[in-house]
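Below is one structure, written out as structure tokens, with a few remarks after it.
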Amino acid sequence: MEKKIGLYICKGCGIGDAIDVEKISNIAKNALRVPVVAVSDVLCSKEGIDLIKKDIAEQGVNSVVIAGCSPRVKTYEFSFPGCFVERVPVRELAVWTIESPEEQQQAAEDYIKMGVIKAQKGEVPEPYVIEITKSILVVGGGISGMTAALEAARAGYDVFIVEKEPELGGFAKKLYKRVPTDDFTKGVLEDVNLEPLINEVTSNPKIKVYTSSKIERIDGQPGDFDVTISKNGSTEKFKVGAIIQATGWKPYDAKKLTKKYGYGKFKDVVTNFEFEEIAKNNNGVIKRPSDHRVVKSVLFIQCAGQRDPEHLPYCSGMCCATTLKQARYVTDGNPDAMAMVIYKDIRTPGKLEYYYKEAQNTPGVMLAKGEVTGIREEWDKLIVTVEDSLLGEKAEIETEMVVLATGMVPTTKEPQDYLIGLQEAAAKGDEAKAKYIETTKKPEFILNLGYRQGPELPFLEGGFGFVDSNFICFQYETRRTGIYAVGPVRQPMNMTEAQEDARGAALKAIQVLEHVEKGMAVHPRAWDTSYPEPNLSKCTACKRCTEECPFGAIDEDEKGTPFYKPNRCRRCGTCMGACPERIVSFKDYSVDMIGSMLKNVSVPSEDDRPRIIVLCCENDAFPAIETVAFNRLKLDPALRFIQLRCLGSMNLVWIADALSRGVDGMLLLGCKFGENYQCHFAKGSELAKYRLGKVQETLDRLQLESDRVQMYELAIDEYWRIPDIVNEFMEKIREIGPNPFKGF
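And the structure:
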């Protein structure tokens, strides 16, 4: 279909008072050759919307450029199905942030020119639609997995549960009692009572349960995953559309605590998990392992190996409430018994604080702050040394039994540790890799994904084995589209939190099925129907796209040529930024499109009037810039902002093109990255920083200073930093001087 562009300029919100709308209309008609140009006093009014709809119906306009307010407002009003729609925020970027009328006019002209170019270069995306399987695989049959499965089944979806143990229930089935979930003030312990939940799962016609089973391999993409499982020596294959990993956790290896706490050396030193088994086997009566005598005193050590750099640096979240529960086992099983809790801190957030206060008033339960420095055995008693406690500088406490509050380790840790070691060995060469494989015990993998980037879910660096779930931006969401992490594989949590987690993950799994059926992306571009369309005839098989894609959306064939699984793609454009041959593009977003916009920004010929291009991500940096505008803070008029899907989509050719045209500097604003990253696309900002480290070669070739290109990390709520960032950068540019290419 032949493209016909319509430019619609709004005069509302002070735009008509600040800029010469008639002049811009003439530029659009003559210089930009826009066939339809119209001006409205209030474009978002019924009259303004009807004007656009009339031109679409009667004049054949199929590409609409709206010069007015932010693309984040009036989204319903300015939606025209079947048309390419580009929003130009003249109000925010020209009128509200610039003081000089002359500069306001120039900025408005530049932004509208870039908007028209984008419409000229872009096309309406056609969704990638395949026949999908609307069923969900849940890996793990514990309380998280069963809850997620039931929620999905109740919503009408078929569910497969794969559990490696002979029966459902997971770790919760090993518990004697659970922490109260309703009335915290009375401290009455609740029965775990998993049977109703298990029966509901096994009797649900929408759920098929595989016990004593393991995942052999998972291939494919959201909507069309091929799953192979093994059971009793035989294999079975089926298709699913989405996957939830709910494989839970394991107790920390207490043998590593022998030196400090005597575990394994003294029979009556047990872990909190072993203590739970003792209570369950004796119907709540606590008998010590050494002689099976009913105990009269038990000492609990909080954070045994937790919040400790040598063992588990993190808090497991559920141990404090568990210890308070287990202290009640001691006193409920023997009213004459004493339970003493030695803690670094007690952490019982939310309503559990009532449970903690109730425990403080429970007869026979004593809580004291202190640091346990040693345990020794004398006759049939254990002597625990406590320092820096509320009892004094140093105290020795006699007890019959010691319980160590060891923490939670996700089931994903062993596979991740093995894969990290393999990656490090491979970096040293084939010989080191072969030796590692030969000498290192391979753990049992869980998902066995057929992805080029590895068989398991990516992990957060410094995340101690937990699955990287992008917890700040999108909980449950992993870096494998359509595969969701739930429960303690995502972060430490108790049973109640795990069930809440499971409900959220089930909804996410349903969402991905509904979106891929329509050819749409999921989080964060949940409306996007575009997808990467590479010109593979020019591909050099350099592997940059396959290695850098944060979501494993690109695999390779036998010759090393990349190919896409579009439903895995989040549409961030990282592959577009990675490709040195510039062969990757989307119908509405490409290297040529942004490059053309950059080349058409006005560059003042005067040496004292700089021009700065600001490339910013659409998820954090650009909203922060708009917040600057909403607060009427002023910015240097030299700036021209260009919004990118993600800073990871930045191609270095844009920097070369802009600077060779005379642009004085380029400022890159991206999300925060690192351990607690805020990048909606996980790695985009970090990859941009990595690529920027290589831009020096380009600048040297152009004989330009490296300080002309700077990158800053910015959270969405840090709008107040932007004027300072801009002023600091502009000061550098003034010190360096004008771009020598200016005027050429």
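Here the sequence shown stands for residues 287 to 1030, where the numbers follow our numbering.
Yeah, the Cβ is synthetic: ideal placement off N, Cα and C, and Gly gets one too.
Helix, strand or coil, according to DSSP, for C855 in the structure here? coil
Buried or exposed: which applies to E912, given that a residue is buried once 16 or more other Cβ atoms fall within 10 Å of its Cβ? buried
Between the Cα of I706 and the Cα atoms of V695, Y722 and S365, which residue gives the shortest distance? Y722
Residues near K829 in its chain [Cβ-Cβ closer than 8 Å; skip 5 each side]: E842, G846 and P848
Ignoring anything shorter than 4 residues, give me the alpha helix (DSSP H) runs that lie fully in the stretch 854–891, in order along the chain. 860–864 and 877–885
Per DSSP, D512 is paired with what? D505 and K525
L436 in three-state terms, based on DSSP: helix
Is L990 helix, strand or coil by DSSP? coil
So Q929 is in the beta strand (DSSP E); what residue range does that whole segment cover? L925 to L930
Do C858 and G934 count as a contact pair if the criterion is CB distance below 8 Å? yes
Tell me the DSSP bridge mates of T276? Residue 276 lies beyond the residue range present for the chain, which begins at 287 and ends at 1030; the question has no answer from this structure.
C601 by DSSP, collapsed to three states: which one? coil
For the alpha helix (DSSP H) containing Q709, list its first residue and its last residue. K699 to A713
What are the partner residues of V581, as DSSP defines its beta bridges? The partner list for V581 (beta bridge, DSSP) is empty, contrary to what the question assumes.
Examine the Cβ distances between the stretch 592–605 and the stretch 690–708 and report whether three or more of them are shorter than 8 Å. yes
According to DSSP, G951 sits in a beta bridge with which residue or residues? I898
Excluding the 5 residues preceding and the 5 following D787 in the sequence, name in chain order all residues of the same chain whose CB lies nearer than 6 Å to its CB. V772 and G773
How far does the beta strand (DSSP E) with T557 in it reach, from first residue to last? V555 to T557
Have a look at L461, G292, T648 and T557 and flag the residue whose alpha-carbon is nearest the alpha-carbon of V371. G292
Look at the alpha carbon of R926 and the alpha carbon of F1015, and state the distance between them as a whole number of angstroms. 14 Å
Give every residue of the same chain whose Cβ lies closer than 6 Å to the Cβ of R868, excluding the five residues on either side of it in the sequence, and list them in chain order. V877
Kindly list the residues whose CB is nearer than 6 Å to the CB of G768, restricted to its own chain and excluding five residues on each side of it in sequence; keep chain order. P508, A528 and V798
How big is the Cα-Cα spacing for P491 and V424? 16 Å
Below 8 Å, how does it come out for the stretch 616–628 and the stretch 574–588: are there three or more Cβ pairs, yes or no? yes
Got a sec, what are the start and stop residues for the beta strand (DSSP E) G542 sits in? For clarity, residue 542 is Lys in the given sequence; the question names Gly instead. Premise fails: K542 is in no beta strand (DSSP E) and is neither H nor E.
Helix, strand or coil at V651 according to DSSP, with G and I counted as helix: strand
According to DSSP, Q573 sits in a beta bridge with which residue or residues? In the sequence on display, residue 573 carries Lys and not Gln. Paired residues: V580.
Residue range of the beta strand (DSSP E) that includes Y642: From DSSP, Y642 is part of no beta strand (DSSP E) but of the alpha helix (DSSP H) over L638 to Q646.
Alpha-carbon to alpha-carbon, N479 and R464: 9 Å
Could you please give me the residues that DSSP links to K463 through a beta bridge? D477
Other residues of its chain near K573: CB distance less than 6 Å, five sequence neighbours each side excluded: V580
For a quick check, are the C-beta atoms of L690 and A565 less than 8 Å apart? no
Helix, strand or coil for V320, going by three-state DSSP, please let me know. coil
For G302 and A784, the rounded distance between their alpha carbons: 54 Å
Relative to the C-alpha of E972, which candidate in T544, V914 and Y998 has its C-alpha closest? Y998
May I ask which residues mark the beginning and end of the alpha helix (DSSP H) holding D341? K332 to E344
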